[in-house]
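Protein chains in written order, with this note's numbering: chain Y, 1 to 138; chain S, 1 to 635.
Beta carbons: idealized from backbone N, C-alpha and C, even for Gly.
Comments concern the structure below.
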């Protein structure tokens, strides 16, 4: 025995009790709408060969997509790696250039020119301190 | 089953088979043709696979594999600097511009733009670019960063850049003759002159190679065959030369040559205890970065080790040291100076043509008397004297790690009966020695009588960062410690009372000896008229020698004697050395003495003034260039 409730345009139904073959035939017609009760599943569910095939194909497709994704990802990483390696090389070149520039600036010829520009003079008189006793104390 | 019977004419296809001979002929022709074809193909295959096997195999391998030479990095060269190292020769990465003429679209426009960017002649560029079938033309090596940027911005079709390395000497002419340069020889770049040549194998390293399979696109196959023999980078060299001392020595030498209107000169600074060369300066010199622009290739030579000369009175120290060591004389020995010595038809006089009467050995050195040196040589004996000269290292290379070292020339000492040769040799004439031999001999006197091997390399740093330190080597004991001490004391008198006064440094025990030598004529027997070489060799401080210094000035025209050219140069350099090493004065001195020294030893001022003038000239030239460029731009 079923009871159908219609509220505006939506509908739902509830079941008091079903058993046996009635459950298979349980139907309720309201206007054009047909409600069928889901069968209750009891016991073991059998998977057929076709299902297995579908599963296998799905698995293969998934694996294929995963493989493609991985390959694509690795290829992209490879480019990124190559790009980074190039950047390292460029950075290394810049470091070498800067090292050479540093050496050029440390050259005594440059230092002598800088002393001229800064109007520095050569110290002609050097005094040596006697450092047997402390030269600075707290 | 059909049958062919006699008298019955076959019909249909059987008729065609039997009576018509044309089909047979076609078959035979076809068979013959196939045979010919097979033969031709066979012969061709034989030719390709047997006769030309090697070349096609190589061609195939070339397509499927890649073989590349791996070029090692050339070792770098460093100078000493207080608690640090200063790179003297490094490898600089730069770009080279080249053209692919067949890809150039507008030759005239491209040449015009390149001419402005690379500062090259437009006509030269046109010649290179106007070759429609040409695939490669070098335009310019070693581009500056600015040039590279301009080329990239211009985006000229057919103009490309490639990486290239070259040897760069950041300090330009500093120690150029000691380091040498890397230049072309027999189609390869190798070290030329100096340590670059002496240590060529170590600096160059070892080439490697790589063998790798590749696919049809030329890409390397990761899982394919790969054989790699890695390149071994060259060893780095650390020289014993000190950057600051070398700079100071070169600066003073350059100023001295200019002030005394000389042709050139050399300065050597050595460490008495070890024989390590702290400075090896020559003038004139050159910039190894632009070695090809040198007009006279003689400047490539390191005159301090390769040019033997008659040293003159500076050699008397060796004669006196030999006399003291052999106990033929002592510091108080006296002799009577008559002003000249006659031998074998020659008359040898003192340099000042004076006679001084009774003189001690100390006075002999102070006044630099030729007659006194002959007196001592006579006491020693020709054979003994010759042995001492050789024991001091003359007549053989010192072993310093530089190419082209001369052994000098002691030929005149071979005939022991020729007294005149030994007499002249006693005061440094008639035998040829190199500046480094003389410095090494004074070094032996400074360190107590032991001749040390001259050494210019401190250590070798291998590519695996392991270090090989070159240990100072004792060649032999030349004279006793006592004789060395006595000689040192006598040389101190030369500086305080004799011709070496201007070599003295207030507050320190500086010792040494002057030498003004005649120059042997290159074209005839005898000596060049009006030419001389002024030398001063000595060491300091006498009580604990730290530096042995030799100053040699070639043919100074504004002064006559070494006491006015080499001696003051020596004094100025020695003062710098003692202060640079923070060696405290041991002797009392007055401020007046120091002021006098500073007034009379001012070669450095010349250099600074000259340098400043040079900078002003360069700056004015640069500003002129800029204003011209701006004018051109505005026009």
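Using a C-beta to C-beta distance shorter than 9 Å, which residues of chain Y count as neighbours of residue i?
| i | result |
| --- | --- |
| residue 168 of chain S | 100 |
| residue 90 of chain S | 96, 99, 100 and 103 |
| residue 643 of chain S | Given that chain S is displayed from residue 1 to residue 635, the structure contains no residue 643 of chain S and the question cannot be resolved. |
Rounded to whole angstroms, what is the Cα-Cα separation between residue i and residue j?
| i | j | result |
| --- | --- | --- |
| residue 519 of chain S | residue 113 of chain S | 56 Å |
| residue 566 of chain S | residue 137 of chain S | 53 Å |
| residue 57 of chain S | residue 228 of chain S | 21 Å |
| residue 128 of chain Y | residue 598 of chain S | 18 Å |
| residue 250 of chain S | residue 501 of chain S | 23 Å |
| residue 336 of chain S | residue 356 of chain S | 8 Å |
| residue 51 of chain S | residue 204 of chain S | 41 Å |
| residue 325 of chain S | residue 485 of chain S | 10 Å |
| residue 130 of chain S | residue 161 of chain S | 19 Å |
| residue 320 of chain S | residue 312 of chain S | 14 Å |
| residue 3 of chain S | residue 41 of chain S | Residue confidence is low: residue 3 of chain S scores 45 on pLDDT, short of 50, so the model does not pin down where it sits. No coordinate-derived value is stated. |
| residue 202 of chain S | residue 73 of chain S | 11 Å |
| residue 307 of chain S | residue 338 of chain S | 35 Å |
| residue 26 of chain Y | residue 54 of chain Y | Bear in mind that the predicted position of residue 26 of chain Y carries a pLDDT of just 48, short of 50, making it unreliable; the figure below should be weighed with that in mind. Each residue's alpha carbon lies about 32 Å from the other. |
| residue 45 of chain S | residue 29 of chain S | 24 Å |
| residue 365 of chain S | residue 75 of chain S | 48 Å |
| residue 82 of chain Y | residue 207 of chain S | 26 Å |
| residue 368 of chain S | residue 488 of chain S | 15 Å |
| residue 612 of chain S | residue 114 of chain Y | Because residue 612 of chain S carries a pLDDT of 49, less than 50, the predicted location of this residue cannot be relied on, and the following value inherits that uncertainty. Distance between the alpha carbons of residue 612 of chain S and residue 114 of chain Y is about 10 Å. |
| residue 602 of chain S | residue 490 of chain S | 28 Å |
| residue 163 of chain S | residue 141 of chain S | 10 Å |
| residue 544 of chain S | residue 482 of chain S | 15 Å |
| residue 34 of chain Y | residue 77 of chain Y | Residue placement at residue 34 of chain Y cannot be trusted, given a pLDDT of 48 that sits under 50; what the coordinates show is reported in the next sentence. One C-alpha to the other measures close to 56 Å. |
| residue 92 of chain S | residue 90 of chain Y | 14 Å |
| residue 97 of chain S | residue 135 of chain S | 14 Å |
| residue 604 of chain S | residue 139 of chain S | 43 Å |
| residue 331 of chain S | residue 323 of chain S | 10 Å |
Which residues of chain S have a Cβ atom closer than 9 Å to the Cβ of residue i, listed in chain order?
| i | result |
| --- | --- |
| residue 69 of chain Y | Those do not exist, as residue 69 of chain Y stays about 20 Å from chain S at its closest Cβ, beyond 9 Å. |
| residue 137 of chain Y | Per Cβ cutoff of 9 Å: no residues; residue 137 of chain Y is ~23 Å from chain S at best. |
| residue 82 of chain Y | Going along chain S, no residue has its Cβ under 9 Å from residue 82 of chain Y, so there is no contact; the nearest lies around 13 Å. |
| residue 128 of chain Y | 582, 584 and 585 |
How far does the alpha helix (DSSP H) with residue i in it extend, from its first residue to its last?
| i | result |
| --- | --- |
| residue 103 of chain Y | 49-106 |
| residue 492 of chain S | 481-497 |
| residue 308 of chain S | It is not in any alpha helix (DSSP H) - residue 308 of chain S carries neither H nor E in the DSSP assignment. |
| residue 257 of chain S | 243-259 |
| residue 151 of chain S | 145-154 |
| residue 436 of chain S | 435-446 |
| residue 274 of chain S | Residue 274 of chain S -> no alpha helix (DSSP H), and no H or E assigned at all. |
| residue 640 of chain S | Summary: the structure shown does not reach residue 640 of chain S, with chain S confined to residues 1 through 635, and so no result is reported for it. |
Under 7 Å Cβ-Cβ, which residues of chain S neighbour residue i?
| i | result |
| --- | --- |
| residue 124 of chain Y | 598 |
| residue 53 of chain Y | Under the 7 Å cutoff, chain S gives no residues; its nearest Cβ is about 35 Å from residue 53 of chain Y. |
| residue 107 of chain Y | 170 and 171 |
| residue 93 of chain Y | 93 |
If you follow the beta strand (DSSP E) that residue i is part of, which residue opens it and which one closes it?
| i | result |
| --- | --- |
| residue 228 of chain S | 226-229 |
| residue 84 of chain S | 84-99 |
| residue 293 of chain S | From DSSP, residue 293 of chain S is part of no beta strand (DSSP E); its letter is neither H nor E. |
| residue 65 of chain S | 65-70 |
| residue 451 of chain S | 450-452 |
| residue 357 of chain S | 357-360 |
| residue 169 of chain S | Neither: residue 169 of chain S is in no beta strand (DSSP E) and is coded neither H nor E. |
Run through chain Y and tell me which residues come within less than 7 Å of residue i, C-beta to C-beta.
| i | result |
| --- | --- |
| residue 87 of chain S | 103 |
| residue 283 of chain S | By Cβ distance, chain Y contributes nothing, its closest Cβ being about 15 Å from residue 283 of chain S, past 7 Å. |
Could you tell me which chain Y residues have their CB closer than 8 Å to the CB of residue i, listed as they occur along the chain?
| i | result |
| --- | --- |
| residue 594 of chain S | 124 and 125 |
> Counting Cβ pairs, one atom from each stretch, are 3 or more of them under 8 Å apart for the stretch 473-486 of chain S and the stretch 520-537 of chain S?
Replying inline: no
- prompt: Is there contact here, the stretch 248-266 of chain S with the stretch 550-563 of chain S, by at least three beta-carbon pairs under 8 Å?
  reply: A contact between stretches requires three or more CB pairs, one per stretch, nearer than 8 Å, and the stretch 248-266 of chain S meets this requirement with the stretch 550-563 of chain S.
task: Anything in the stretch 378-392 of chain S with a Cβ closer than 7 Å to a Cβ of chain Y? List those residues in chain order, please.
output: The stretch 378-392 of chain S vs chain Y, Cβ under 7 Å: nothing.
- Message: Does the structure place the stretch 334-351 of chain S close enough to the stretch 368-383 of chain S that three or more beta carbon pairs sit under 8 Å?
- Response: yes
ask   = Is there contact here, the stretch 530-543 of chain S with the stretch 487-501 of chain S, by at least three beta-carbon pairs under 8 Å?
value = yes
At least 3 beta-carbon pairs within less than 8 Å: the stretch 120-128 of chain S vs the stretch 157-176 of chain S:
no
ask   = Quick one: any contact between the stretch 265-279 of chain S and the stretch 438-446 of chain S, if contact means 3 or more CB pairs under 8 Å?
value = yes
(Q) So, does the stretch 452-462 of chain S touch the stretch 240-247 of chain S, judging by three or more C-beta pairs under 8 Å? (A) yes
So, does the stretch 148-164 of chain S touch the stretch 182-192 of chain S, judging by three or more C-beta pairs under 8 Å? no
(message) So if I threshold CB-CB distances at 7 Å, which residues from the stretch 563-580 of chain S count as touching chain Y?
(response) 579
Open item on the list: Count Cβ pairs between the stretch 382-394 of chain S and the stretch 297-304 of chain S that sit closer than 8 Å; are there 3 or more?
Closed with: no
Taking contact to mean 3 or more Cβ pairs, one atom from each stretch, closer than 8 Å, check whether the stretch 288-301 of chain S and the stretch 461-475 of chain S are in contact.
no
Item to complete: Indicate whether the contact test is met: 3 or more Cβ pairs, each with one atom in the stretch 509-518 of chain S and one in the stretch 404-418 of chain S, closer than 8 Å.
Response: Counting Cβ pairs under 8 Å, fewer than three are found: no touch.
Check your understanding: For the stretch 493-507 of chain S, which residues have a CB atom closer than 8 Å to at least one CB atom of chain Y, in sequence order?
Key -> none
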